[in-house]
Each structure stands twice: as structure tokens, then as C-alpha cells.
Amino acid sequence: MTGAYSFLEDLGLEDDQLSFAESRRADHAADWGAEQRGREVLPDVVVWPESTDDVAAVLSAATDHDVPVTPYAAGTGLEGNAVPAHGGISLDLTRMDDIVDYRPDDFQIDVGPGLIGSAVDDHVARDGLFFPPLPSSGDISTVGGMIATDASGMQTVRYGEVSDWVLGLEAVLADGTVVQTGSRAIKSSSGYNLTDLLVGSEGTLAVVTEATLELAGRPQQIHGGRAIFETLEDATEAIFDAVRTEIAVARIELLDELSVRMTNDYLDTGLPDAPMVFLEFHANHGIEEEIDLCRAIFEEHDVLEFEVSASDSEMDDLWEARREIAFAVKHYDDDLEMLHPGDVTVPISAYPEMVTEAKRISAEYDLLTTCYGHAGDGNLHHNVMVDFDDPEMVERGEEVYQQTVEKAIELGGTVTGEHGIGEGKQQFLEAEHGAGAVEMMRRIKRALDPTDTLNPGKIFPETVDGKRVQETSVLESTEFADATNASGSADATDSDE
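Per my numbering, the very first residue in the sequence shown carries number -5; after that it's consecutive.
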């Protein structure tokens, strides 16, 4: 073990719980979004804690030795949230994937942060329960990652986001202190709401080691389908009217014509080449009345086709097409790539204007921009497509992205509805929240993590005292170089590599 990290030897970790191997470090250098943009940063070492005690020991020692720690899980983030921006330790929590306790009578489950989200649904399905805010990537992302970014998905319009379903957390602060937030009660007026403070903090304030999640009963009636429109404006106006009428819709997803075309090319789905809305209705009774009301509203906006079915296979095909859009965008054109993963969210009354403006701005700069998303809660994924070998096109793309985000803020919305700030949206933080609120956030960060141990370089572009702003990591030193040259490898722990 290298001298810079010899303190890890004193923590009681097993040999397979840490690695200096370049391949393991490379696996933790980026999340999905950072990898697409070539923004990987190698951590100096990867550590796999298997308990809260392990996490506490690593954080306490890292803080004492002024070593940054970046929590890591499935790596499915889109804004560089899990990139070890200043090297140090990548703390991989995927081994903490236990279902600790399950209380179906209370509609609650306690789980480790490394548990894949869909595993929660699988475990509780036998009791007719489910975890409503599961995002579209729930079968590949972890509970801890969802909590870190306060994720949300296609059912947010009816059920809310992850923070609405987290009752309490066990977490470890930067100095190794273990804290419990919230309780098993469904409401509380006791003290500060520390649970909500940690949810969405992207691992900058604490590392979550256990979560108490609230569950819901599965609706007895589920029908899904699609509506096709002649224009994008008709589709967005229909969505607004349906949502404000409070129809029992659990999912209402927008796809512009470009997104449909990309999906057809990628999956050979054969969808009509037109703007469309995917829908899913949830009810325990009277679902046909809800569907009829939605159809009537959509007909007021010149819907061309409205089809709804109770068939599981038809609904599975429908939602597979929606889930695969991100990959369809990626594979659409070998010369074009997504510039940034846009995910603005605006009040539902402003949604039609938001979509119209996103398309107008894109056309003004002669670029392709896909517009799709969880329309029922005002969310819009706007992905500007550029050729990174064409600097002038990239410059135009940046202008399109910037103006679109600024429009969302102008309409009373947010720069990120579900991906988080991470590294990619730091420049918009003050524009959305104001200088006073951002300084308040900085004070909270300084109070809980004065040494900037936890995930430095995220949310805020600067660090607490500048110590993390350096060109090289701890291991890029003469001592580490000599050790590597002598052994032929920087790995002293992995027997399988």
C-alpha cells in the first residue's frame, strides 16, 4: 500500500475492500454523463465499505489525512455527480445492498444504499406494494444514488419524487459521526428536517448508509396508451389541460417528432412519425371514466389518435420505447452527440411555452434538439445535438443550451428537475436561487464538512478553502511513482487482477 494511503491499513478492511489497480480506478472515474463527454478523473484508490462502521472509519481517517472522498454507486448519473474531481477515495457503496427490515403493515422498508431500485419493487410485490417514485433507470440505479440526486421518474405527476417517500436516513458525516434522521412516523414536527437536507445533497454533506422508504399499494386498475397529435403545440396544451383537470393519470410523457424518429430508428418500433403523448392511468375503480375524460380533453386539442389498453404486453412495449430514448439519441447519428443532458422543469402552466421556446431557440441556431420528458410534472429533457469536431457548431450548441435553461428560470422553473447540479450545472445555481440562498448552502456545507472531504467540486464551483483546487492528485507524487515503478503495479490488494 502506498504511503499516502497507508492509514487505510489501520481500519480493519479486508484485502478485497480496496484497490489501487488502474482498471478498478478507471471503472470509478466517471458516471454515465461524464464518460460521454470525456471528463473522467481517476481516483487514487477505490474502497468498498460493507457496513456503516466501515464508512465511518474511512471518512474519519480521510478527514484526518485531508483526503477527498467521493461516494459512488452504479455510475448512472448524468451530471458528473460521482466523478472524483480531486482524486482521493472513490467510496463504492454497492456492497451495502441489504434489505434490512420490511414492515408491510406500515408500508415501509429499510434498505442499504447499494440496493438496485427495482429490487425494492420485486421484494414487496407479493404484498401488493410498490415504490412509486422509482425513476426510469430504476433497474440499473441504486437507492443511494436516487437519494443523492432526489431522483424522480415517469410517475412523479401522481406520486411525487424520491424525497416524498424517504421517511428517515442513517448517514455518516465527514468526521465519521453516524446520525439518524427522521423516524418511522409518517409525519413529524420535531426539530430541523435533516432528512430533506440530505436528500438531493449529492454526497456533499454526508454518506447515506441506510434509508427508510415509504411504500404504496398497487392500484387495482392500470391502463396505458398513446395519443398522437399533428403539432407539438397541440400536444403540450393537451397535457396542461389534462393535468390541471386532475385526471387520474400516473404517467404522461411527451415525445417530439425528432424523439419519435430516433426511437423508431433504434428500436424499429414503427411509431407514427408525429408528436405524441404516452399515458398510464392508475385507479382502484372508475378508470374508464378517467380515460374518457382525458380523451375528451385531448379531442379539444385536435388529437389525431387516442388509444388506451389494459394489455400488459402492449404497455410494456410502450414504456420500453420511452425508457430507451436516451440510447436512441446516442445512436441516432455517428457525427452528432448530445452536448449536455438538459432536464429543466417548469410550472405546468408554463410547459407549453417552455417546449415551444426550446424548439424556437434550436431552430434559430439551426441545430437539432430533442424535446421529451415527464411532461405531467413540467419536466423537459432538451438535448442539443452537435458535432464535437466542429467548434463553431459546439459554440452554437452552448448558446442554445444556455438560452433554454435561462428560459426555464424565467418561467419560474428549475435548471434540473432530476439529474442534480453535479459539475454540469454549477453556473446556473445562483441565477436560480439568488446569491443569498447559495451562500446559505455554502454555510451548511462548511458547517458539516469544514475540510471539504465529501465530494469536493460538486454543486459549488469553488471549494471551502481552495485546498482541493490542484492539478494533480495525492498519488501523483514521487513516492507513488517510485512505488509503482518498483512493483510494476499500483495495486497491492486485488488478487484477481
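C-beta atoms are modelled at their ideal positions from N, C-alpha and C, and glycine is treated no differently.
Suppose you measure from the CA of residue i to the CA of residue j; what does that come to, to the nearest Å?
i	j	result
residue 382	residue 232	36 angstroms
residue 139	residue 384	34 angstroms
residue 269	residue 221	9 angstroms
residue 459	residue 114	Bear in mind that the predicted position of residue 459 carries a pLDDT of just 45, short of 50, making it unreliable; the figure below should be weighed with that in mind. If I take the Cα positions, the gap works out to 40 angstroms.
residue 9	residue 334	39 angstroms
residue 7	residue 51	10 angstroms
residue 13	residue 90	17 angstroms
residue 133	residue 110	6 angstroms
residue 250	residue 299	15 angstroms
residue 400	residue 143	21 angstroms
residue 27	residue 445	27 angstroms
residue 235	residue 267	24 angstroms
residue 466	residue -1	A caution first: residue 466 carries a pLDDT of 36, below 50, which makes its placement in the model unreliable, though a value can still be read off. Each residue's Cα considered, the two are about 16 angstroms apart.
residue 490	residue 15	In this prediction, residue 490 scores a pLDDT of 37, lower than 50, which makes its location untrustworthy; the coordinate-derived value is nonetheless stated afterwards. Residue 490 and residue 15: Cα-Cα distance of roughly 10 angstroms.
residue 1	residue 56	8 angstroms
residue 437	residue 443	10 angstroms
residue 272	residue 33	34 angstroms
residue 103	residue 280	30 angstroms
residue 35	residue 23	5 angstroms
residue 475	residue 49	Low local confidence applies: a pLDDT of 38 at residue 475 is under 50, so the model's placement there is unreliable, and no value is given.
residue 187	residue 45	25 angstroms
residue 219	residue 375	21 angstroms
residue 440	residue 119	42 angstroms
residue 248	residue 345	11 angstroms
residue 165	residue 5	19 angstroms
residue 347	residue 405	9 angstroms
residue 3	residue 191	33 angstroms
residue 224	residue 418	35 angstroms
residue 317	residue 305	18 angstroms
residue 336	residue 435	23 angstroms
Pop quiz: residue i and residue j are said to be a contact at Cβ under 8 angstroms. What is the actual Cβ separation, rounded to whole angstroms?
i	j	result
residue 70	residue 135	4 angstroms
residue 340	residue 372	5 angstroms
residue 65	residue 85	5 angstroms
residue 193	residue 137	So it is not a contact: roughly 11 angstroms between Cβ atoms.
residue 74	residue 88	Not a contact, Cβ separation roughly 19 angstroms.
residue 428	residue 338	That belief does not hold up - the Cβ atoms of residue 428 and residue 338 are roughly 18 angstroms apart, past 8 angstroms.
residue 127	residue 153	6 angstroms
residue 315	residue 265	7 angstroms
Closest to residue i by CA distance: which of the options is it?
i	options	result
residue 492	199, 205 and 116	Lying outside -5 to 491, the shown extent of the chain, residue 492 is not represented and no answer is given.
residue 403	426, 416 and 27	426
residue 43	59, 11 and 144	11
residue 278	317, 210, 72 and 307	210
residue 196	25, 76 and 342	76
residue 395	354, 305, 3 and 306	354
residue 342	188, 370 and 398	370
residue 392	17, 367 and 421	421
residue 309	217, 58 and 439	217
residue 31	201, 248 and 388	388
residue 168	180, 54, 214 and 203	54
residue 227	-3, 350 and 3	350
residue 325	123, 38 and 253	253
residue 492	165, 276, 200 and 183	With the chain covering only -5 through 491, there is no way to say anything about residue 492.
residue 67	41, 60 and 96	41
residue 321	302, 301, 424 and 255	255
residue 172	318, 122, 432 and 203	203
residue 97	379, 21 and 178	178
residue 141	200, 423, 117 and 183	200
residue 378	390, 386 and 176	390
residue 99	112, 123, 163 and 106	123
residue 291	303, 237, 352 and 175	237
What first and last residue would you give for the alpha helix (DSSP H) that runs through residue i?
i	result
residue 346	345 to 358
residue 321	319 to 324
residue 427	423 to 427
residue 233	226 to 238
residue 203	Taken as a continuous stretch (DSSP letters only), residue 203 belongs to no alpha helix (DSSP H), being part of the beta strand (DSSP E) at 201 to 208.
residue 292	281 to 293
residue 113	111 to 118
If I follow the unbroken beta strand (DSSP E) through residue i, where does it start and stop?
i	result
residue 97	93 to 97
residue 174	172 to 176
residue 65	63 to 66
residue 377	373 to 380
residue 270	270 to 277
residue 164	160 to 166
residue 186	No beta strand (DSSP E) contains residue 186, which DSSP labels as neither H nor E.
Could you confirm whether any beta carbon from chain D is found closer than 8 angstroms to the beta carbon of residue i?
i	result
residue 187	Looking at the structure shown, chain D is missing, and only one protein chain is on hand.
Using 8 angstroms as the Cβ pair cut-off and three pairs as the minimum, do the region 274 to 292 and the region 239 to 247 touch?
Because the criterion of three Cβ pairs below 8 angstroms is met, the region 274 to 292 and the region 239 to 247 touch.
Are there three or more Cβ pairs, one per stretch, closer than 8 angstroms when the region 445 to 453 is compared with the region 71 to 84?
Yes, they touch.
Are the region 324 to 333 and the region 351 to 359 touching by the rule of at least three beta carbon pairs closer than 8 angstroms?
With the cut-off at 8 angstroms, the region 324 to 333 and the region 351 to 359 do not touch.
For the structure I just gave you, are there three or more beta carbon pairs, one from the region 252 to 263 and one from the region 294 to 303, closer than 8 angstroms?
Contact between the region 252 to 263 and the region 294 to 303 is absent, because fewer than three Cβ pairs lie under 8 angstroms.
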